[in-house]
Amino acid sequence: MLKQSITALFLSASSLANASMSNSNQHIEFSYTVDQAEIDTLYSYSNSIRPTTTYSMGLTETTLQVEEEPVAKYLTIQEEKDWDYLKSQTYTILGLSVATVGLMTMLPESITKWDEEDRSLSQVGQKWKDNVSDGPVWDRDEHFLNYVMHPYFGGVYYTAARHAGFNEFESFLYSASMSTFFWEYGVEAFAEVPSWQDLFITPFFGAVVGEMMLEAEQDIVLSGGEVLGSETMGGVTLFFLNPVGHIHGWVSEAWDGSAELQYSSNPWFGNQDAAKFALDAGAEYDRAFYGVEMKITF
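Per mature numbering (1 follows the signal peptide of the UniProt record, and there is no 0), the sequence shown runs over residues -19 to -1, 1 to 279.
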């Protein structure tokens, strides 16, 4: 009887050991539900970070999806040459140049060195021809205009091309073309004789200043658009580092139209009704009428 009890006791212990070993090899899974509201509270950052959390056997894997606000086109440098963007910025420069000339006509003669005859709109074509024929000369403008403003505007031309994806040398050629043919022998020649200082200083110094302006702009953009911890100061600084791009961007966002600029050498743009009206009013019918025609579509 005693032997039978001892034998039964050993069999019971063996069965329990086998059962314990069998249970320890089983796969056990734990599931845990996380309150998403608590996670959103923990990760409520200004740049909209949304966490996705997965729990498996005590190992936590967290994936953060960051949604960044897109940077405006005029604050970026295009990866490839964008001729359309450069052309549209050139139109903006044209409009700003006309506004600049209008502003300069209101400045005192001590600053612009334009006398009353230079400000007069009569015989503008003949004045342009005479000024171009007489130049270039060593002008008598203020040092601030020659050695500060002209390099700055040369830099503005330069950065317009750089933002459109053109390299340093190509942007220099664009700045030189705009400052020489568009401004010095174009718009400004209606009021004064082209200047040696402006022909040299604007494109060459403008390229150096323009590249510095571009680097400073990109540094501010990377820092979140702040200067000395101020977003307002950062915005003002970014504007003056690239005024053409900002104004072009603002106008493009506010106005969904289009504009076309066309050079014409046909008398009265081929408009016979206007020619007849002018002849009846006593105006001369020139054999050639040089000018530009702008079409604006709303």
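Don't be surprised by glycine CBs; every beta carbon is placed ideally from N, CA and C.
None of the values given here were measured: they were computed from a predicted structure.
Query, Result
"What's the C-alpha gap between E192 and Q59?", "15 angstroms"
"Here's the rule I'm using: 16 or more other beta-carbon atoms within 10 Å means buried, otherwise exposed. How should R143 be labelled?", "buried"
"How do the region 110 to 130 and the region 199 to 218 stand: do at least 3 beta-carbon pairs fall below 8 angstroms, yes or no?", "no"
"Pull up the distance between the alpha-carbon of Q107 and that of G116, whole angstroms please.", "14 angstroms"
"Going by DSSP, what residue range makes up the alpha helix (DSSP H) through S233?", "P224 to A235"
"By alpha-carbon positions, which one of L67, E212, V52 and F185 ends up nearest to G136?", "F185"
"Checking 8 angstroms against the spacing of the C-beta atoms, do residue 284 and A188 come in under that value?", "Since the first and last residues shown for the chain are -19 and 279, residue 284 lies out of range."
"S211 by DSSP, collapsed to three states: which one?", "strand"
"Return the chain-ordered list of same chain residues with a C-beta closer than 8 angstroms to the C-beta of V52, the five sequence neighbours on each side being excluded.", "V202"
"Need the endpoints of the alpha helix (DSSP H) that A157 sits in, please.", "E149 to S158"
"Determine, using beta carbons only, whether V225 and L77 come nearer to each other than 8 angstroms.", "yes"
"Can you tell which of H227, E169 and T213 has the C-alpha that lies nearest to the C-alpha of D111?", "E169"
"Could you spell out the range, first to last residue, of the alpha helix (DSSP H) harbouring F163?", "No alpha helix (DSSP H) holds F163; DSSP gives it neither H nor E."
"Our contact map puts W177 next to W119 with C-beta atoms below 8 angstroms; I'd like the distance itself, whole angstroms only.", "5 angstroms"
"Based on Cα-Cα distance, which residue from L75, E151 and T81 lies nearest to M130?", "T81"
"Measure the Cβ-Cβ separation of I74 and A172 and say whether it is below 8 angstroms.", "no"
"Cα-Cα, which of E151, E165, S114 and W109 is closest to F134?", "E165"
"Straight-line CA distance for N148 to V174?", "32 angstroms"
"In this structure, does DSSP put V118 in helix, strand or coil?", "strand"
"Starting from Q178, follow the alpha helix (DSSP H) in both directions and report where the run begins and ends.", "W177 to L203"
"What do you reckon, is the C-beta of V225 under 7 angstroms from a heavy atom of the ligand SAH?", "Of ligands this structure carries none, so the ligand SAH is not represented either."
"Please report the straight-line C-alpha distance between S160 and L154, rounded to a whole angstrom.", "10 angstroms"
"Excluding five sequence neighbours on each side, which residues of the same chain lie with their C-beta closer than 6 angstroms to the C-beta of G215?", "I201, G206, E207 and V208"
"Under the three-state reduction of DSSP, which class applies to D21: helix, strand or coil?", "No answer about D21 holds up, because its pLDDT of 49 lies below 50 and its placement is not dependable."
"Hey, out of T218, T71, Y128 and L260, whose CA is closest to L195's CA?", "T218"
"In chain order, what residues of the same chain lie with their CB nearer than 6 angstroms to the CB of Y139, ignoring the 5 residues before and after it?", "S152, S156, G187, A188 and G191"
"Check the C-beta distance from residue 297 over to A145 and give it rounded, since I have them as a contact under 8 angstroms.", "Summary: the structure shown does not reach residue 297, with the chain confined to residues -19 through 279, and so no result is reported for it."
"Given a threshold of 16 other Cβ atoms within 10 Å of its Cβ, counted over all protein chains shown, does D261 qualify as buried or as exposed?", "exposed"
"With distances taken Cα to Cα, identify the nearest neighbour of Y199 among D179, P132, T213 and N223.", "Residue identity differs from the one stated: residue 199 is Gln in this sequence, not Tyr. Of the candidates D179, P132, T213 and N223, the one whose C-alpha sits nearest the C-alpha of Q199 is N223."
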